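Read the structure below first, then the notes.
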Amino acid sequence: MDAIEVIVAKRERRELSDPQIDWVIDAYTRGEVADEQMSALAMAILLNGMNRREIGRWTEAMIRSGTRMDWSVLDRPTTDKHSTGGVGDKITLPLAPLVAACGAYVPQLSGRGLGHTGGTLDKLESIPGWRASLSAEEMLAVLRDAGAVICAAGDGLAPADKKLYALRDVTGTVESIPLIASSIMSKKIAEGTGALVLDVKVGSGAFMKDVDTARELARTMVDLGADHGVATVALLTAMDRPLGRAVGNALEVEEAVEVLAGGGPSDVVELTVLLAREMLAAAGVSGKDPADALKDGSAMDAWRRMIGAQGGDPDAALPRAAETTVVTAPSSGVLARLDAYGVGLAAWRLGAGRARKEDAVSFGAGITLHARPGDAVREGQSLMTLHADDATRFDRALAALDGAYAIGDAADPALLPLVIDR
Ligand code: URA
1 MDAIEVIVAK RERRELSDPQ IDWVIDAYTR GEVADEQMSA LAMAILLNGM
51 NRREIGRWTE AMIRSGTRMD WSVLDRPTTD KHSTGGVGDK ITLPLAPLVA
101 ACGAYVPQLS GRGLGHTGGT LDKLESIPGW RASLSAEEML AVLRDAGAVI
151 CAAGDGLAPA DKKLYALRDV TGTVESIPLI ASSIMSKKIA EGTGALVLDV
201 KVGSGAFMKD VDTARELART MVDLGADHGV ATVALLTAMD RPLGRAVGNA
251 LEVEEAVEVL AGGGPSDVVE LTVLLAREML AAAGVSGKDP ADALKDGSAM
301 DAWRRMIGAQ GGDPDAALPR AAETTVVTAP SSGVLARLDA YGVGLAAWRL
351 GAGRARKEDA VSFGAGITLH ARPGDAVREG QSLMTLHADD ATRFDRALAA
401 LDGAYAIGDA ADPALLPLVI DR
C-alpha cells in the first residue's frame, strides 16, 4: 500500500477501506507517510467527507496508535466531560471536583489553549506549584486521594492524533466533522473513562458557528462513544457570548473558586450543576446532588485535595497583570450583545493565549466583564476591565472589541439559550 493510493481514493470521493485506514494511520505515526501526504489526505477528507464506517475505523486506528488507559482497579465508576472549547469556559475546574464529591471518579486529560479559546491546563498552571504532567501511577494516586485529576495526556496516548492535530492546525484542515469527532473521541476513549458528557459549543466563539453543524458533530461523537462502550451524552450550549464574567487564566481560576464556594455567575453555576448531573447519570451514580455539594463545602474540599495532590497551593495568591484599562459604556440602555469571538480575541491579544504552540501565556492577562447581555447599563459605566502585563497590548485588544458589543433597548432576541439541546 502507498500514501498516494489512499489520497487519490479520497480525492476521487471513494470510501477508504479498513486496511487503507489502518495502514495510513499506522504509517503516519511511524513517519513512513510524510506530513505533506497526510495534509493532502486531511484536505481530501475535509472536502469529501467520510461515512460512519470510515470515521469509526479512523478513530479505532488512532486509539490503537498508542495505549488505552484502564481504571478497572478503582472501586467506583469513572466519568468525564469534554468541551469543544470556548471563551471563558472554565467549567472543568469546578466540575471535576464537584462530580468527585458526589461519588464518581473523574480522570480528565485536558489541553492547552490555542488561538482565541483558553485551555484548562494553562488556567490551572496559574496556581503556584501546580503540575500538569503526571505519570499513570501519579494519576491513579491523585484519583484515589481527591476523586478527580486533571492533567496533560502523556506521549503514549493517541500519538497519531497528536501529530495529525498539529498538522491540521497549520494546513487549514481543522474544520472537518469526521476529523474533529475522531480526534476528540480517540483521546477520550483512550483515556479509559466509562462515561462521557460532551459540551458542544455553538456560536461565534466556538468551532461550530451554527446549531445544525454542532448537532451533526455531537451525533457523530455520541455514536463513536457508544461503539466503544463509553456511555456518551452530548449537550449543545451557547458560545455566542462569553461564559461567566472572567476570561483569562488566573481570572478564570478565581471565578471557578467562587463557584466552589457557593457563589459565582449564574450561567457558570447552572452549566456546572447540569453537566455534573449528566456525568453522574451517565456513570450510573446516584446520591448527593451537585447543587448540595457546592453549598456544603464538599466540592471545595475535593478541589483543595486535587490541587494539593498535583503540587499546587490552593491558598496561594494568583498572578495579577501589572496594567489595567477600563472600557466604558458609550450610552445608557441595555447591553444587547457581547460577542464571544471578539472578547476571546481581545483576551488573546492581551497575552492570555498563545499564537504558536511553544509560546508562553500570561497568567494574569484577560478580561473581567462587569456587564452581561441583558444587563441595564448607564453611559460612562465600566463594561469591562482589560488586564495585561504590558500596556502596549491594549490598543490591539481594544481594536478586537470594536463592534463586539452593542447597547440597545433590550437583549438581542437572537441570543442563544444557555442550553440549546441535549
Ligand atoms: N479538539 C481536538 O482535540 N481535536 C480537534 O480536531 C478539534 C478540537
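Residue numbers for the sequence shown follow the UniProt record's numbering, so the first one is 1 and each next one is one higher.
In this text, a Cβ means the ideal position worked out from N, Cα and C, and glycines have one as well.
Since we're looking at a predicted model, the values are computed, not measured.
Looking at residue i and the ligand URA, is the gap between the Cβ and the nearest heavy atom below 7 Å?
i, result
"Y28", "no"
"D165", "It should be pointed out that residue 165 corresponds to Tyr in this sequence rather than to Asp. Yes, since a heavy atom of the ligand URA falls inside the 7 Å radius drawn around the Cβ of Y165."
"T59", "no"
"I45", "no"
"S17", "no"
"K187", "yes"
So, are the CB atoms of residue i and residue j less than 8 Å apart?
i, j, result
"T325", "L271", "no"
"G344", "T117", "yes"
"G262", "L294", "yes"
"H387", "G248", "yes"
"L350", "Y405", "no"
"A256", "T79", "no"
"V327", "L383", "yes"
"residue 424", "R52", "A question about residue 424 goes unanswered here, because the residues of the chain that appear run from 1 up to 422."
"L416", "V73", "no"
"G85", "A206", "yes"
"V233", "V197", "yes"
"K44", "A148", "Reading off the sequence shown, one finds Ala at residue 44, where the question assumed Lys. Going by C-beta atoms, A44 is not nearer than 8 Å to A148."
To the nearest angstrom, report how far apart residue i and residue j are at their CA atoms.
i, j, result
"P94", "G308", "15 Å"
"W58", "H228", "13 Å"
"F394", "A365", "11 Å"
"S110", "A321", "25 Å"
"H370", "G49", "43 Å"
"M358", "A152", "In the sequence as presented, Met is not what sits at residue 358; that position holds Glu. Near 15 Å, if we compare the C-alpha coordinates of A152 and E358."
"residue 423", "G353", "For the chain, the structure presents residues 1 to 422; residue 423 sits outside this window and is missing."
"R396", "T171", "26 Å"
"D161", "S332", "49 Å"
"P290", "V259", "12 Å"
"P319", "D402", "28 Å"
"A299", "L47", "45 Å"
"R241", "M1", "48 Å"
"L41", "D390", "42 Å"
"G342", "T385", "15 Å"
"G297", "R304", "11 Å"
"P128", "L217", "37 Å"
"G66", "R30", "11 Å"
"L16", "D212", "26 Å"
"P19", "L124", "41 Å"
Label residue i either buried or exposed according to how many other C-beta atoms from any shown protein chain fall within 10 Å of its C-beta, with 16 as the threshold for buried.
i, result
"A250", "buried"
"M279", "buried"
"residue 423", "Coverage of the chain is limited to positions 1 through 422, which leaves residue 423 absent and any answer about it impossible."
"E175", "exposed"
"S286", "exposed"
"S186", "buried"
"E36", "exposed"
"D155", "exposed"
"D70", "exposed"
"P97", "buried"
"T392", "exposed"
"E315", "The question names Glu, but residue 315 in the sequence shown is Asp. With fewer than 16 other Cβ atoms within 10 Å, it is exposed."
"V8", "exposed"
"D210", "exposed"
"E137", "exposed"
"P178", "buried"
"A317", "exposed"
"G311", "exposed"
Give me, in chain order, the residues of the same chain whose beta-carbon lies closer than 6 Å to that of residue i; leave out the 5 immediate sequence neighbours on both sides.
i, result
"A190", "I63, R68, L157, A158"
"W348", "H116"
"R422", "L235"
"D22", "A61"
"D89", "S83, L243"
If I measure Cβ to Cβ from residue i and keep anything under 7 Å in the same chain, skipping five residues before and after, which residues do I get?
i, result
"I184", "H82, M221"
"M38", "Y28, L164, L167"
"R112", "G119, L121, D122"
"V33", "A3, V24, A27"
"N193", "Looking at the sequence provided, one finds Thr at residue 193 rather than Asn. Result list for T193: T78, T79, D80, P107, V230, in chain order."
"V269", "V259"
Could you name the residues of the same chain whose beta carbon sits closer than 8 Å to that of residue i, not counting the 5 residues immediately before and after it, in chain order?
i, result
"R76", "G103, A104, Y105, V285"
"L275", "K81, I91, L95, V197, D199, L235"
Check your understanding: With distances taken from each beta carbon to the nearest heavy atom of the ligand PLP, which residues come in below 5 Å, in chain order?
Key -> Ligands displayed in this structure: the ligand URA; the ligand PLP is not among them.
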